[in-house]
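Worksheet: one structure, shown below.
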Amino acid sequence: MAGVRAAFGQDSSRSTSVAGGVLGVREDAGRSGGLDRTPWGKFDRGEMAVYALLFHLLDVGAVSGAVWDRVLTPAQRLLIARGMGVSLPEARCLVMFFCALHDLGKASWFQQQEAHPWARVSDALRDDAGGWRRMRHERASMHAVLPLLAEAGYRSDRSDSPGVRVAQIAGGHHGRFLQLDIDGAARMSRTQTVMGGRRWQDLRRRYFALIRHLTGAETVPEQVSVAAAVLITAVGVIADRLASSRHYWLPKALAPAFGAGEHYQQACGDAVRLVEEAGLTRLTLPPAPFSSVHHGATEPNTLQASLINQLPPAVARNGPGIVVVTDTTGAGKTIAALEAARIFNSTGATQGIAWLLPTTATADAAYDTLENYVAAHRPEHAPVSLVHSRSWSNRAYNDHRLSAAEGELTSEEHFSGDEPGSTADNEEVERPAGRVTVPDGWLRGWDRALLAQFTVATHDQALMAALPVRFSALRLLALSGRTVIVDEVHAMTPFMLHILKRLLEWLGALGCPVVLLSATLPAALTDTLMRHYLTGGGRKRRDLPALSFAPAYPGWSFAAVTDASATRMDPDAARDHATAHRRTARLQMVPVRHPSHTDPDNTPAREERLHYITRTIRPVATQGGCAIVACATMNEAQQTFLHLRRHLTWPAADTLVLLHARLPEHEREDLVEHLRRRLGAGRQPGEQLVVVTTSILDMSLDIDVDVMISDLAPLNILLQRLGRLWRFETRWTGSLSRRPAWLRSTTPVLHVLQPTDHTGRTLIPAAWRTLHPAHLLHTTADTLHPTTPDDRGGRLITLPDDVQALIETFHDRTDGQSDDAQPLTARESAYHARRRREEHHSALHLAPAPRHTTSLADLHRQDLHAREAVTRLGVMPRRLLPVYQDPRGRLFLDAACTRPLILDRKPSPAGVRTILQHTLPVPAPWITGHRPAPAIWKQHTLLADLALLTLDPATPDTGVRLANHILNVEPGLGLTVHRPLP
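Printed below as a string of structure tokens:
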């Protein structure tokens, strides 16, 4: 330590004496004239109000204490305390102290950016500012804090030293951890040169000592773990955002307190109210009967009952961990997950649920489930948030949030540059009242919604916590305080799974309970995911047991993060559960000629794809029933819909519907809700409906159909679709039959259309190759190919008994691990190369695991905003708004020109919702040369990036050419896309 003190030019024993006596922190806290409070921290141009920097620092410290008390869970508080090797009360004081230091660097060049508040700074300080240099204030804070911490006894000689990590915490409050060069840019001699003269140095030292005194942070920690540092930084981010809100600090600026001590005492009282008003206070759901919280379930099934009976003693004995539940679709995995979350939360260590799903559509459906679950407990107030890129289309995204998206921001952290010398240095940066209408950071990424105690989000929102995005620490804090349910894990690509593994390591390090759900997950992948979680929690790979952690199918397993001890579903209960849910179905491979392929001359005629679909659907159209036709592409879905509408007679217009992702948002949402009602468990006898769709209905929709046709897809997707065929047959037993008479006493069949050439070999259409690797489709066809005479009517599958064996066979073949030891074909080699490329690209952007993080700056080697992060490969979509132009040049939202688009003023929140509900997603290359959004929309986050498609209602069949595509929006079809003729 002597060398460190010498490097910073200050003896620590002397500094302690100075902080305690010569500077007189008690006097500084109580008087108004002794400590210079003229440096400013906030400035409002409208009111010309200036807020003292010292008061803002104390505000953030006080709010951090309220966040500690009312937002952090007991497990998070304990992790922070253990990460610093101190008691819980000492940890609370240190967190308040560290967070309050976040803007100490504003006592620097920052002060002269605004003429009015700079003119109010004392003459003595203004005269001592001649030597300072331009520096971003968060970096200045980090450099200013480091020597002061060393003076206070914090070890600061290595990247993982507590002093260095606390300095990086102070510099990380804008979402990124910065590199700290303790022997270069951050050394005391340079700080004295570039951050003002001795008066400024003395002022920062006195502010530091006063804040430390008021927060009671006298303990000097010997360590600050990576996990603790991440959570402390997130606490500071929340506190800074709350304390920076104009409605909080402006009244204080207009009527300031007499002294720092008086101000801090008042701020501690105000902080509680501020946190409560933000809706961040945690609560415990009151007990409620099983049947009232799980709609439609009167009592737990065997798997759920096993979990309810076996998991609590395991958690009580070994603490939180990871649970994996595997079962067929529709067998109650969601209820099992919610019960597991209740058990984890009942220990008091965690509070709340974060439920993650693969798509916005499945998230919307899960939101209703979680909202009903929480409401059934009858809490006084328990917000349930929905977080995904289109949450504005759901009723969870209310007008208040739409309005907030265009509200002014008065804090100075919204800028485009990063470091001095970057391209942004040519601009005017860090103007506290400048760029006030440009939401960024957590507002754009909806990070605040993630902080709600109960949240439904897409996988992407959580995966970004494992990427070097701004405010990743905030995402980790939001996730770690509750039970995280990762639903439909099998839907993740290799690219996403690689990120999930890293996220599980972080969640394990943070002691966060996790529940993984899947109907078609290979045992090897299940085991790998659980091991990543356990190694993140501190277990060494070589010390983990060789036995797989994966559960039997159907079943569940639990591994505790503390010691990797495993608990599995009782085998007798697993057999009873399988017996209770046993049913049979056939997967029938149907060779067809795809219209993209032409057979050679003089070959026998073969049945075409559309002809087989029409022949199979005809009994539904004439005799009743419900059916789904799942097409590979949206274009094929539209063509199939038109063909069925032309060639069959339908009793009503709504008997045949088309559903895909490129319908206007309000049409798609209404249609999904319509289908959930007509095809759900409450389906009425005599219901008649045919849905032509794509993969949008594959996951997390609780629906039942009598007939299903599917284009060839990977086996796991086909098994998902099979789960919606006669899904409620057991539930409907003994009640009035919903099946049409012509289908009773038969076995349900999933017709899988296999495109082949004239010799019978699988021939994948070119348009399908971007959807799934050809190797997966060929392997599926080979796996399901009839091998016995009994299979000619379709392979008979017993659910759930045969599912895991099929999945394991498919997994072995696609991963090149089959027993026949044959050399890889070109198709197999291409698949494995593609998989390795995905994993490689995913690894390029990952943040390091906690155990591999030395400097906190390692977590942000790249500077990414949430909107720029890549969590899945593919073309990034844009939102397209179709508008209709009348002869007078006016724009409307409908072809009848009855809903005018108001462009002469900013739209109201309800107007924003209406506009967004008429948009649809398209690949960005399709709309090159589009009409830009009106200028009046540029100040609104949700409207600024919209692309307009201007259509002529007088010529509805014409469309508009953009780049190499002709786009049109047709009633019932949605967006149609054609290539122009040469």
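Quick note, in this note's numbering, the sequence shown goes up one by one and the last residue is 1036.
The C-beta atom is built at its ideal place from N, Cα and C for all residues, glycine as well.
Because the structure is a prediction, the values reported are computed rather than measured.
> Given a threshold of 16 other Cβ atoms within 10 Å of its Cβ, counted over all protein chains shown, does VAL523 qualify as buried or as exposed?
Replying inline: buried
> Exposed or buried, which one is LYS387 when buried takes at least 16 other CB atoms within 10 Å?
Replying inline: buried
> So, are the CB atoms of ILE397 and LEU365 less than 9 Å apart?
Replying inline: yes
> Is the Cβ-Cβ distance between GLN222 and ALA283 less than 9 Å?
Replying inline: yes
> With a CB to CB cut of under 7 Å and the five nearest residues on each side skipped, what residues in its chain are close to SER602?
Replying inline: ALA577 and ASP581
> Among the residues of its own chain, which have a CB less than 6 Å from the CB of LEU898, if the five just before and after it don't count?
Replying inline: none
> Alpha carbon to alpha carbon, how far is ASP157 from THR908?
Replying inline: 24 Å
> To the nearest angstrom, how far is it from the Cα of GLY591 to the Cα of MET518?
Replying inline: 20 Å
> In chain order, what residues of the same chain have a beta carbon less than 6 Å from the beta carbon of HIS648, not counting five sequence neighbours either side?
Replying inline: ARG663, PRO809 and PRO819
> Can you name the start and end residues of the alpha helix (DSSP H) that THR284 belongs to?
Replying inline: Here the sequence assigns Val to residue 284, which means Thr is not the residue at that position. Per DSSP, VAL284 belongs to the alpha helix (DSSP H) from 280 to 297.
> Taking buried to mean at least 16 other C-beta atoms within 10 Å of its own C-beta, is ALA332 buried or exposed?
Replying inline: buried
>> Does the stretch 819 to 836 come into contact with the stretch 620 to 629, if we say contact requires no fewer than three beta-carbon pairs (one atom in each stretch) closer than 8 Å?
In response: no
>> Buried or exposed, going by whether 16 or more other CB atoms sit within 10 Å of the CB of ILE956?
In response: exposed
> In three-state DSSP terms, what is ASP214?
Replying inline: coil
> In the structure shown, what three-state DSSP assignment does LEU107 receive?
Replying inline: helix
>> Restricting to Cα atoms, I'd like to know which of HIS635, ARG699 and THR1030 is closest to ALA1066.
In response: What the structure shows of the chain is the stretch from 55 to 1036, and residue 1066 is not part of that stretch, so it cannot be assessed.
> Should GLU101 go down as buried or exposed, given a rule of 16 or more other Cβ atoms within 10 Å for buried?
Replying inline: exposed
> Secondary structure at CYS147, three-state DSSP: helix, strand or coil?
Replying inline: helix
> Considering only the beta carbon of each residue, do GLY965 and ARG716 sit closer than 9 Å?
Replying inline: no
>> On the criterion of 16 or more Cβ atoms from any shown chain inside 10 Å, does ASN1018 qualify as buried, or is it exposed?
In response: exposed
> Which residue spans inside the stretch 239 to 271 form an unbroken alpha helix (DSSP H) run of at least 4?
Replying inline: 242 to 248 and 252 to 269
> For the ligand MN, any of its heavy atoms closer than 8 Å to the Cβ of HIS170?
Replying inline: Although the ligand MN was asked about, the structure shown includes no ligands whatsoever.
> Using DSSP with H/G/I as helix, E/B as strand and the rest coil, what is LEU328?
Replying inline: helix
>> Between which two residues does the alpha helix (DSSP H) holding GLY313 run?
In response: From DSSP, GLY313 is part of no alpha helix (DSSP H); its letter is neither H nor E.
> On the premise that SER896 lies in contact with HIS349, defined as a C-beta separation below 8 Å, what is that separation, rounded to the nearest angstrom?
Replying inline: Not quite, the Cβ-Cβ distance comes to about 38 Å (not below 8 Å), so this is no contact.
>> Among ARG146, SER345, ILE236 and HIS435, whose alpha-carbon lies nearest the alpha-carbon of VAL274?
In response: ARG146
> Which residues does DSSP pair with ASP98 in a beta bridge?
Replying inline: ALA103
> Just to confirm, are VAL646 and ARG660 a CB contact at a threshold of 9 Å?
Replying inline: yes
>> Does the structure place the stretch 289 to 306 close enough to the stretch 171 to 185 that three or more beta carbon pairs sit under 8 Å?
In response: no
> Hey, how far is the Cα of PHE864 from the Cα of ALA394?
Replying inline: 30 Å
>> Assuming the contact rule is C-beta atoms closer than 8 Å, HIS805 and PHE231 should be a hit. Round their C-beta distance to whole Å, please.
In response: Rounded, the Cβ-Cβ distance is 55 Å, inconsistent with contact.
>> Under DSSP, the beta strand (DSSP E) around GLN167 begins and ends at which residues?
In response: Note, GLN167: premise wrong, no beta strand (DSSP E); not H, not E.
>> Judging by CA-CA distance, which residue of GLN693, CYS951 and GLU783 is the nearest neighbour of ARG737?
In response: GLU783
> Can you tell me whether DSSP reads VAL744 as helix, strand or coil?
Replying inline: strand
>> Could you check whether HIS544 and LEU411 sit closer than 9 Å to each other, using their CB atoms as the reference points?
In response: no
> How many Å lie between TYR421 and ILE407 at the Cα?
Replying inline: 12 Å
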